[in-house]
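**Student:** Final position of the sequence shown in this note's numbering is 95; the numbers increase by one with none missing.
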Amino acid sequence: MPPGRVRVTVRFPADHYIATLPPGTRAYVVRQLVDQALKIDRQREKLEEISRKLDLILSRLQGNVSLEQKPSNVSIDPDEFLSFF
11 MPPGRVRVTV RFPADHYIAT LPPGTRAYVV RQLVDQALKI DRQREKLEEI
61 SRKLDLILSR LQGNVSLEQK PSNVSIDPDE FLSFF
């Protein structure tokens, strides 16, 4: 197997629609499904990281949260905001 490649075994139920596809098409569809799963997993990891960062910011603000409405100036640190992405 060439460097940088990994062999993956994927199992589907016997009655899955993919079993009805011809072998070449089946391999193509499986590769696309695996690629989509990997993309979704990377997005999930990014969202979890953003969630952790937001939890950290919320915990810092916890003592300063008030239910009363007061006029205030809102400032956002651009570097901290961009670090989420």
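Note that CB positions come from ideal geometry on N, CA and C, so glycine has one too. Every value quoted in this text rests on a predicted model; they were computed, and no experiment measured them.
Would DSSP call residue 89 helix, strand or coil?
**Tutor:** helix
**Student:** Give the secondary structure of residue 52 by DSSP, where H, G and I count as helix, E and B as strand, and everything else as coil.
**Tutor:** helix
**Student:** Any idea what DSSP makes of residue 16, helix, strand or coil?
**Tutor:** coil
**Student:** CA-CA distance, residue 60 and residue 90?
**Tutor:** 11 Å
**Student:** Determine the direct distance from the alpha carbon of residue 58 to that of residue 69, and round the result to whole angstroms.
**Tutor:** 16 Å
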